[in-house]
Amino acid sequence: MSAGDDQANDRAFEQRARDELRRGIDQTSPELRAQLDQIVERALRQPPRPRLIRFALPAGAVAVIAGLLVGQPWSSHVTPPTPASDDFALLMNVDNLDLLEQMEFYQWLDRQPGLLDETAAVASPQRS
Amino acid sequence: MEANRELESFLRGIGARAFRIARLGLREDQDALDAVQEAMIKLARRYADRPAAEWTPLFYAILRNCVHDIQRSHRSQNSLVAWLRRFVPPGEVEVAELGVEPPPDAVEQVETRQQLSRVERAVARLPARQREAFLLRNVEDLDVSETAIAMGCTEGSVKTHYSRAVRALREQLGEL
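Chains as they are written, first to last, in the working numbering: chain E, 1 to 128; chain C, 1 to 176.
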C-alpha cells in the first residue's frame, strides 16, 4: 500500500469516527440538555471578575518579588552579622582554617598524659 | 447586552460537545457536568470581554484543567480508600461492591448504540493527550493552531498526538 493510499484510508477512517461521535452528541437526551441549559444560565449569572482584581493580583505579585529583590542588598547592610555567620566567614578563610587545625592539634597534644614529657626527654639528649 | 447574548449562544452551542469530551476523560456523567459548569463559569467571569473568536480554544483550555483537577481529586480519594481498606477484615463484602443487574431497557439502549459506544470506548482508552487532540479536531473541528492553544502545547506536538491517535484507533477498530 502506498503512502497516499494510507493517508486516504486515514481520512476515510477519521470521517467515519467523526460521524459516529457527532451522532452521539446529536442523541444527547433532553434531560441532559436541560441540565446543560441550567449550567449556562448559572454561568451567565456570575458577575465578571472585577478588573481591579484581574490586574491588581499580577501587579501585586510582581511588586512583592521586585521589592524582595531590591530590598536584599539593603537588608544585608542593616542586619548585624550573627555569631553563626561570623563563624562561617572565619571558616571560609583558608588561613584561619589552618590555624583552627593547629589549635585543635595542640589541644589534643595537651590532653595526652606524659606525651609532652616524653617528647622533651627524647629531644633533650640530642641537645646535650 | 449584545455581548451577553453572544456568550449565551456560544455556551449553549458548545455545551453538549463539551460534555461529551469531558465525559470521555472522566467516565461519569456527574463529573463531566461539574467540569463543564466550572469551565463555563470561569469563561464567563474572566474572558467574556475577549473577542468571540478566542472563546473556543480558551474554553477548552479551561475545561481541560477542570477535567485534570477532578481526575486528580479522584486519585487522592482512591489512595485514601485503598489505605482504609487495609483495615477491613478479609471476607467482609461491602454493599457497594455487590453487583446490581442493569434494567433491561438500559441494556437495549446500549446495544442499539453499540457502534458508537465502540468508537467512544476506543477513544476513552487513548492516552490523555492523544484523546484530547483527536476529540478537539474531530468533535469541535478546531484547527491545529486552536487545538495547540486549547492543549497548551505546540502545533507540532498536536500533529504528533493526533496522528498517533488515528493509528491507535485504526488498530483497535479496524475499518469501522
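The beta-carbon is built from N, C-alpha and C at its ideal position, and this holds for glycine as well.
- In whole angstroms, what separates the C-alpha of residue 33 of chain E from that of residue 42 of chain C? Those two C-alpha atoms are separated by around 20 angstroms.
- Report the residues of the region 13-37 of chain C with a CB closer than 7 angstroms to any CB of chain E, ordered along the chain. Under the 7 angstroms Cβ criterion, the region 13-37 of chain C contributes 15, 16, 17, 19, 20, 33, 36 and 37.
- Interface partners of residue 40 of chain C on chain E, CB under 7 angstroms: Within 7 angstroms Cβ-Cβ: 39, 40 and 43.
- Contact set for residue 130 of chain C: own chain, Cβ-Cβ below 6 angstroms, skip 5 residues either direction: Taken in chain order, the residues that qualify are 161, 164 and 165.
- Query: Of the choices C:62, C:4, C:174 and C:122, whose alpha-carbon is the least far from that of residue 49 of chain C?
  - Reply: Taking only the C-alpha atoms, the option nearest residue 49 of chain C is C:4.
- If you follow the alpha helix (DSSP H) that residue 47 of chain C is part of, which residue opens it and which one closes it? Per DSSP, residue 47 of chain C is not a residue of any alpha helix (DSSP H), being assigned neither H nor E.
- Message: Using CA atoms only, rank isn't needed, just tell me which of C:79, C:35 and C:86 is closest to residue 16 of chain C.
- Response: Comparing alpha carbon positions, the residue from C:79, C:35 and C:86 closest to residue 16 of chain C is C:35.
- Along the chain, where does the alpha helix (DSSP H) that runs through residue 38 of chain E open and close? Counting along the chain, the alpha helix (DSSP H) containing residue 38 of chain E begins and ends at 30-45.
- Item | Helix, strand or coil at residue 152 of chain C [DSSP, three-state] | Three-state DSSP puts residue 152 of chain C in coil, outside helix and strand.
- Message: Does any residue of chain E have a CB that is nearer than 9 angstroms to the CB of residue 69 of chain C?
- Response: No, because no Cβ of chain E sits closer than 9 angstroms to the Cβ of residue 69 of chain C.
- Query: Looking at the unbroken alpha helix (DSSP H) that takes in residue 57 of chain C, where does it start and where does it end?
  - Reply: 52-85 is the extent of the alpha helix (DSSP H) around residue 57 of chain C.
- Using a Cβ-Cβ distance under 9 angstroms, would residue 4 of chain E count as near chain C? No, its Cβ sits nowhere closer than 9 angstroms to a Cβ of chain C.
- Item | Contact list for the region 123-137 of chain C against chain E, Cβ threshold 7 angstroms | Taken residue by residue, none of the region 123-137 of chain C has a beta-carbon sitting less than 7 angstroms from a beta-carbon on chain E.
- Message: Classify residue 31 of chain C: buried if its beta carbon has 16 or more other beta carbons within 10 angstroms, exposed otherwise.
- Response: Counting C-beta atoms within 10 angstroms of its own C-beta, residue 31 of chain C has 16 or more neighbours from the protein chains shown and is therefore classed as buried.
- Distance, residue 122 of chain C Cα to residue 23 of chain E Cα: So the two alpha carbons sit approximately 16 angstroms from each other.
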